[in-house]
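2 protein chains.
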Amino acid sequence: MLTFVGLGLYNTEDLTIRGKREIEEADIVFGEFYTSRLIGVNPEDLGEALGREIKILSREEVENGKLILKEAKSKNVVLIVAGDPMIATTHVALRVMAEERGIKTKIVHNSSIVTAAPGMLGLQQYKFGRTVSLPFPQENYFPTSAYDFIKINQNLGLHTLILLDINPRPMTANEAMKILLEMEEKKREKIFSKNTLIAVVARAGAPNSLARAGYLGDMINGDFGSPLHTLVLPGKLHFAEAEALVKLAGAPEEILDK
Amino acid sequence: MLTFVGLGLYNTEDLTIRGKREIEEADIVFGEFYTSRLIGVNPEDLGEALGREIKILSREEVENGKLILKEAKSKNVVLIVAGDPMIATTHVALRVMAEERGIKTKIVHNSSIVTAAPGMLGLQQYKFGRTVSLPFPQENYFPTSAYDFIKINQNLGLHTLILLDINPRPMTANEAMKILLEMEEKKREKIFSKNTLIAVVARAGAPNSLARAGYLGDMINGDFGSPLHTLVLPGKLHFAEAEALVKLAGAPEEILDK
Numbered sequence: 001m002l003t004f005v006g007l008g009l010y011n012t013e014d015l016t017i018r019g020k021r022e023i024e025e026a027d028i029v030f031g032e033f034y035t036s037r038l039i040g041v042n043p044e045d046l047g048e049a050l051g052r053e054i055k056i057l058s059r060e061e062v063e064n065g066k067l068i069l070k071e072a073k074s075k076n077v078v079l080i081v082a083g084d085p086m087i088a089t090t091h092v093a094l095r096v097m098a099e100e101r102g103i104k105t106k107i108v109h110n111s112s113i114v115t116a117a118p119g120m121l122g123l124q125q126y127k128f129g130r131t132v133s134l135p136f137p138q139e140n141y142f143p144t145s146a147y148d149f150i151k152i153n154q155n156l157g158l159h160t161l162i163l164l165d166i167n168p169r170p171m172t173a174n175e176a177m178k179i180l181l182e183m184e185e186k187k188r189e190k191i192f193s194k195n196t197l198i199a200v201v202a203r204a205g206a207p208n209s210l211a212r213a214g215y216l217g218d219m220i221n222g223d224f225g226s227p228l229h230t231l232v233l234p235g236k237l238h239f240a241e242a243e244a245l246v247k248l249a250g251a252p253e254e255i256l257d258k
Numbered sequence: 001m002l003t004f005v006g007l008g009l010y011n012t013e014d015l016t017i018r019g020k021r022e023i024e025e026a027d028i029v030f031g032e033f034y035t036s037r038l039i040g041v042n043p044e045d046l047g048e049a050l051g052r053e054i055k056i057l058s059r060e061e062v063e064n065g066k067l068i069l070k071e072a073k074s075k076n077v078v079l080i081v082a083g084d085p086m087i088a089t090t091h092v093a094l095r096v097m098a099e100e101r102g103i104k105t106k107i108v109h110n111s112s113i114v115t116a117a118p119g120m121l122g123l124q125q126y127k128f129g130r131t132v133s134l135p136f137p138q139e140n141y142f143p144t145s146a147y148d149f150i151k152i153n154q155n156l157g158l159h160t161l162i163l164l165d166i167n168p169r170p171m172t173a174n175e176a177m178k179i180l181l182e183m184e185e186k187k188r189e190k191i192f193s194k195n196t197l198i199a200v201v202a203r204a205g206a207p208n209s210l211a212r213a214g215y216l217g218d219m220i221n222g223d224f225g226s227p228l229h230t231l232v233l234p235g236k237l238h239f240a241e242a243e244a245l246v247k248l249a250g251a252p253e254e255i256l257d258k
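Here the protein sequences line up with chains D and B, keeping their order. Residue 1 is where the first sequence starts when you use the UniProt record's numbering, and the numbers rise one by one after that. Residue 1 is where the second sequence starts when you use the UniProt record's numbering, and the numbers rise one by one after that.
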């Protein structure tokens, strides 16, 4: 048996009662923290917080699955991951590999930035288009597919959740906004300017979480505190959404008149 | 203080440790179950399961907010809701009303069908377009906006999460598929036919949850067990997604060749 247990967003208090029980009952607990991570507790300290030994796996060990599948063949194995467990492709692939080998699998769902960020800002989840990820630009490689997807959402009036790279370190909202403006310079399709309304969600799920909305030119130098950061580009706002952005995220009141 | 505590998907085991603590520490616990509900426990039995008296509110009491806000002015009030708390517009409106009155608010996030359903099917969440809701048709009123939104997602190659009405009772996947075919008859834009690949998620988060994919003509008479049901219309499938649908949801193997 292989059980994927989501840890949610912040620390071990975000674990569900079901997830806690699965961890307690497991023969072996593995942990994976390169696709996503908790902000309130270091992977190395998780074992103590959960009262269980946790074997933290390398990226390769999760991707090839050998060790996990070998153990899950005869033992009750739990793999703990931040957020909701099946958001990462790697975990789906691992689950398919397990089922192919006759190993039963289970999922213990948990909260995800995909619904937490819209909720914190008061934007309606069903008005979001496709989620995009913003990678760190590499030397000689500046991918702009995120820009293209954002443009499609904007043309449809939909909001966009923009997830920021966490490798080799978490990207800040400030860095992300700079990258978006650089994309604009390359593509020039008028998605981003200093007057674009944009929102930052920082440390979703944490007691010191933050939701702030404003014009990109003002936000780009804002101090949002420590990571993880997420951006949301609002599309066409319903009046109730504009009001929520003003009241809950400090957006300029003039957006109510638009 | 007004704290919105998400209960997750199935029963009280899906509550997070943080959520449980907030309920224990609250002066008053209100519950709201018309926007969404748990499938593993009746609202009336929740109080016993949680060891707290829970005052279940009517739709009107949540929407006008009077009682909740009056109590939250001086007391530590928790409002428990199924899923992730801010998915419903009503809760965002209530939160805005509270903040306007100087009442601090907090959100305890939890799992949502929005990420659970893609995960159960092995479909990538970032390849979903806008989520749509399918209401029960009323006499003389057969809204087809869901069809239009689905068409946009299909044209973009994106998957669509189709949430089914829960009022006055939970719509079954079978009923939903019939409604989609009726929409097709009205609109005739070639989204749905008996050969359309479609997926059903039933009882997400429950021990007896089910994920099944197949052709609409076969699925429409399928037995998916008791509600809640959710539909997913897959868009363009990555090979790994097609493989997941076959291995995890019993889709016909021929979809691997497409």
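From the three backbone atoms N, C-alpha and C, an ideal C-beta is built for every residue, glycine too. For clarity, every value in this text was computed on a predicted model and none was experimentally measured.
Check: Helix, strand or coil: how does DSSP classify Thr-105 (chain D) here?
Finding: In the first sequence, residue 105 (chain D) corresponds to position 105, counting from 1. The answer is strand: DSSP assigns Thr-105 (chain D) an E or B state.
Next item on the list: Kindly indicate which three-state DSSP category Glu-139 (chain B) falls into: helix, strand or coil?
Entry: What you label residue 139 (chain B) is simply residue 139 of the second sequence in a count that begins at 1. Note: Glu-139 (chain B) maps to coil in three-state DSSP.
Notebook entry, point to check: Using the C-alpha atoms, what's the distance from Leu-69 (chain B) back to Glu-100 (chain B)?
Noted result: As a position in the second sequence, residue 100 (chain B) is number 100, starting the count at 1. As a position in the second sequence, residue 69 (chain B) is number 69, starting the count at 1. When rounded, the distance between both Cα atoms is 11 Å.
Next item on the list: Check whether the stretch 76 to 88 of chain B touches the stretch 230 to 238 of chain D, taking contact to mean three or more Cβ pairs, one atom from each stretch, closer than 8 Å.
Entry: no
Notebook entry, point to check: What residues in the stretch 14 to 46 of chain B bring their beta carbon closer than 9 Å to a beta carbon of chain D?
Noted result: Asp-14, Leu-15, Thr-16, Ile-17, Arg-18, Gly-19, Lys-20 and Arg-21
Next item on the list: Using a Cβ cut-off of 7 Å (strictly closer), state whether Met-171 (chain B) contacts chain D.
Entry: Taking the first residue of the second sequence as position 1, residue 171 (chain B) is located at position 171. So no, Met-171 (chain B) is outside the interface.
Note to self: Please report the distance separating the alpha-carbon of Ile-255 (chain D) from that of Ala-242 (chain D).
What the structure shows: Translated into the one-based positions of the first sequence, residue 255 (chain D) becomes position 255. Translated into the one-based positions of the first sequence, residue 242 (chain D) becomes position 242. Roughly 6 Å separates the two Cα atoms.
Checklist line | Met-86 (chain B) at chain D interface by Cβ criterion, 7 Å | finding: As a working mapping, residue 86 (chain B) is identified with position 86 in the second sequence. Judged by the 7 Å Cβ criterion, Met-86 (chain B) is in contact with chain D.
Note to self: Between which residues of its own chain and Ala-240 (chain D) is the CB-CB distance below 6 Å, once the five residues before and five after are set aside?
What the structure shows: Residue 240 (chain D) sits at position 240 when you count from the first residue of the first sequence. There are no such residues.
Check: Closer than 7 Å, CB to CB, is Gly-122 (chain B) near chain D or not?
Finding: On the second sequence, position 122 is the one that residue 122 (chain B) refers to. With 7 Å as the cut-off, Gly-122 (chain B) counts as an interface residue toward chain D.
Next item on the list: Check whether the stretch 175 to 190 of chain B touches the stretch 132 to 148 of chain B, taking contact to mean three or more Cβ pairs, one atom from each stretch, closer than 8 Å.
Entry: yes
Check: Looking at Ala-202 (chain D) and Gly-40 (chain D), is the spacing between their C-beta atoms short of 7 Å?
Finding: As a first step, residue 40 (chain D) is located in the first sequence; it is residue number 40 there, counting from the start. As a first step, residue 202 (chain D) is located in the first sequence; it is residue number 202 there, counting from the start. Result no, Cβ atoms of Gly-40 (chain D) and Ala-202 (chain D) do not sit closer than 7 Å.
Checklist line | Length of the line joining the Cα atoms of Ala-93 (chain B) and Gly-250 (chain D) | finding: In the second sequence, the residue the question calls residue 93 (chain B) occupies position 93. In the first sequence, the residue the question calls residue 250 (chain D) occupies position 250. Taking the straight line joining both Cα atoms gives about 16 Å.
Notebook entry, point to check: Exposed or buried, Glu-13 (chain D), counting other C-beta atoms within 10 Å across all chains shown (16 or more means buried)?
Noted result: Locating residue 13 (chain D) in the first sequence gives position 13, where the first residue counts as 1. Around the beta carbon of Glu-13 (chain D), 16 or more other beta carbons sit within 10 angstroms, so the residue counts as buried.
Item checked: Partners in chain D for Phe-128 (chain B), counting only beta-carbon separations shorter than 8 Å -> Reading the second sequence from its first residue, position 128 is the one you call residue 128 (chain B). Under the 8 Å cutoff, chain D gives Arg-130 and Thr-131.
Margin query: Just to confirm the assignment, what range does the alpha helix (DSSP H) spanning Thr-230 (chain D) have?
Written below: Stepping through the first sequence from its first residue, residue 230 (chain D) is reached at position 230. Segment 229 to 233 is the beta strand (DSSP E) holding Thr-230 (chain D); no alpha helix (DSSP H) there.
Note to self: If the criterion is Cβ atoms closer than 7 Å, does the pair Gly-8 (chain D) and Asn-110 (chain D) meet it?
What the structure shows: Within the first sequence, the letter at position 8 stands for residue 8 (chain D). Within the first sequence, the letter at position 110 stands for residue 110 (chain D). Yes, these two residues count as a Cβ contact at 7 Å.
Checklist line | DSSP state of residue 262 (chain D) mapped onto helix, strand, coil | finding: The structure shown does not extend to residue 262 (chain D), since chain D spans only 1 to 258, so no value can be given for it.
Check: From Pro-118 (chain B) to Gly-122 (chain D), what distance separates their C-alpha atoms?
Finding: On the second sequence, position 118 is the one that residue 118 (chain B) refers to. On the first sequence, position 122 is the one that residue 122 (chain D) refers to. If I take the Cα positions, the gap works out to 23 Å.
Next item on the list: Grab me the residues of Thr-131 (chain B)'s own chain with a C-beta within less than 6 Å of its C-beta, minus the 5 sequence neighbours each way, in chain order.
Entry: Position 131 of the second sequence, counted from the first residue, corresponds to residue 131 (chain B). Closer than 6 Å at Cβ, skipping near neighbours: Leu-161.
Notebook entry, point to check: Which term fits Asp-84 (chain B), buried or exposed, when burial requires 16 or more other beta carbons within 10 angstroms of its beta carbon?
Noted result: Working through the second sequence from its first residue, we reach residue 84 (chain B) at position 84. Its Cβ being crowded by 16 or more others within 10 Å, Asp-84 (chain B) is buried.
Note to self: Please classify Gln-124 (chain D) as buried or exposed, where buried requires at least 16 other C-beta atoms within 10 Å of its C-beta.
What the structure shows: As a first step, residue 124 (chain D) is located in the first sequence; it is residue number 124 there, counting from the start. Buried: at least 16 other Cβ atoms inside 10 Å.
Next item on the list: For Ala-240 (chain B), return the contacting residues in chain D, with the cut-off set at a CB-CB distance below 9 Å.
Entry: Along the second sequence, read from residue 1 onward, the residue named residue 240 (chain B) stands at position 240. Correct list: Thr-89, Val-92, Ala-93 and Val-96.
Check: By DSSP, does Thr-35 (chain B) sit in helix, in strand, or in coil?
Finding: The residue given as residue 35 (chain B) occupies position 35 in the second sequence. Under the three-state reduction of DSSP, Thr-35 (chain B) is assigned to coil, being neither helix nor strand.
Check: Under the three-state reduction of DSSP, which class applies to Gly-8 (chain D): helix, strand or coil?
Finding: Locating residue 8 (chain D) in the first sequence gives position 8, where the first residue counts as 1. Strand.
Margin query: Ala-213 (chain D) and Leu-245 (chain D) - do their beta-carbons sit closer together than 7 Å?
Written below: Sequence index remark: in the first sequence, residue 245 (chain D) carries index 245 (1-based). Sequence index remark: in the first sequence, residue 213 (chain D) carries index 213 (1-based). Yes, the Cβ-Cβ distance between Leu-245 (chain D) and Ala-213 (chain D) is below 7 Å.
Check: Who are the near neighbours of Met-86 (chain B) in its chain, counting only those whose CB is closer than 8 Å to its CB and skipping five residues on each side?
Finding: Residue mapping note: residue 86 (chain B) aligns to position 86 of the second sequence, counting from 1. For Met-86 (chain B), the CB contacts under 8 Å within the same chain, skipping 5 residues up- and downstream, are Phe-4, Val-92, Arg-95 and Ile-107 in chain order.
Checklist line | Whole-angstrom distance between Ser-74 (chain B) and Ala-204 (chain D), CA atom to CA atom | finding: Position 204 of the first sequence, counted from the first residue, corresponds to residue 204 (chain D). Position 74 of the second sequence, counted from the first residue, corresponds to residue 74 (chain B). In a straight line, the C-alpha of Ala-204 (chain D) is about 26 Å away from that of Ser-74 (chain B).
Check: For Tyr-10 (chain B), which residues from the same chain have a beta carbon less than 7 Å from its beta carbon, with the 5 sequence-adjacent residues on both sides left out?
Finding: Stepping through the second sequence from its first residue, residue 10 (chain B) is reached at position 10. Within its own chain, the residues whose Cβ lies closer than 7 Å to the Cβ of Tyr-10 (chain B), once the five positions on either side in sequence are excluded, are Leu-38, Ile-39, Gly-40, Gly-205 and Ala-206, listed in chain order.
Notebook entry, point to check: In chain order, what residues of the same chain have a beta carbon less than 7 Å from the beta carbon of Ile-220 (chain D), not counting five sequence neighbours either side?
Noted result: Numbered from its first residue, the first sequence carries residue 220 (chain D) at position 220. Once the five neighbours on either side are set aside, the close Cβ partners of Ile-220 (chain D) are Asn-174, Met-177 and Lys-178.
Next item on the list: Find the nearest neighbour of Val-29 (chain D) within the set D:Thr-35, D:Ser-36 and D:Pro-43, judged by alpha-carbon distance.
Entry: Locating residue 29 (chain D) in the first sequence gives position 29, counting from the first residue. Of D:Thr-35, D:Ser-36 and D:Pro-43, the residue nearest in Cα terms is D:Pro-43.
Margin query: Measuring alpha carbon to alpha carbon, tell me which residue in D:Ile-150, D:Leu-210, D:Ile-166 and D:Ile-191 is nearest Val-200 (chain D).
Written below: Within the first sequence, the letter at position 200 stands for residue 200 (chain D). The candidate whose alpha carbon is nearest that of Val-200 (chain D) is D:Leu-210.
Note to self: Measuring only the C-alpha atoms, how far is Lys-247 (chain D) from Lys-247 (chain B)?
What the structure shows: Taking the first sequence and counting its residues from 1, the one referred to as residue 247 (chain D) is at position 247. Taking the second sequence and counting its residues from 1, the one referred to as residue 247 (chain B) is at position 247. Cα to Cα, Lys-247 (chain D) sits roughly 46 Å from Lys-247 (chain B).
Margin query: If you follow the alpha helix (DSSP H) that Arg-21 (chain D) is in, where does it begin and where does it stop?
Written below: What you label residue 21 (chain D) is simply residue 21 of the first sequence in a count that begins at 1. Taken as a continuous stretch (DSSP letters only), the alpha helix (DSSP H) holding Arg-21 (chain D) covers 17 to 25.
Item checked: Same chain, Cβ closer than 7 Å to Glu-253 (chain B), neighbours up to 5 away in sequence not counted -> The count along the second sequence starts at 1 and reaches residue 253 (chain B) at position 253. Closer than 7 Å at the Cβ level, and outside the excluded window around Glu-253 (chain B), lie Val-246.
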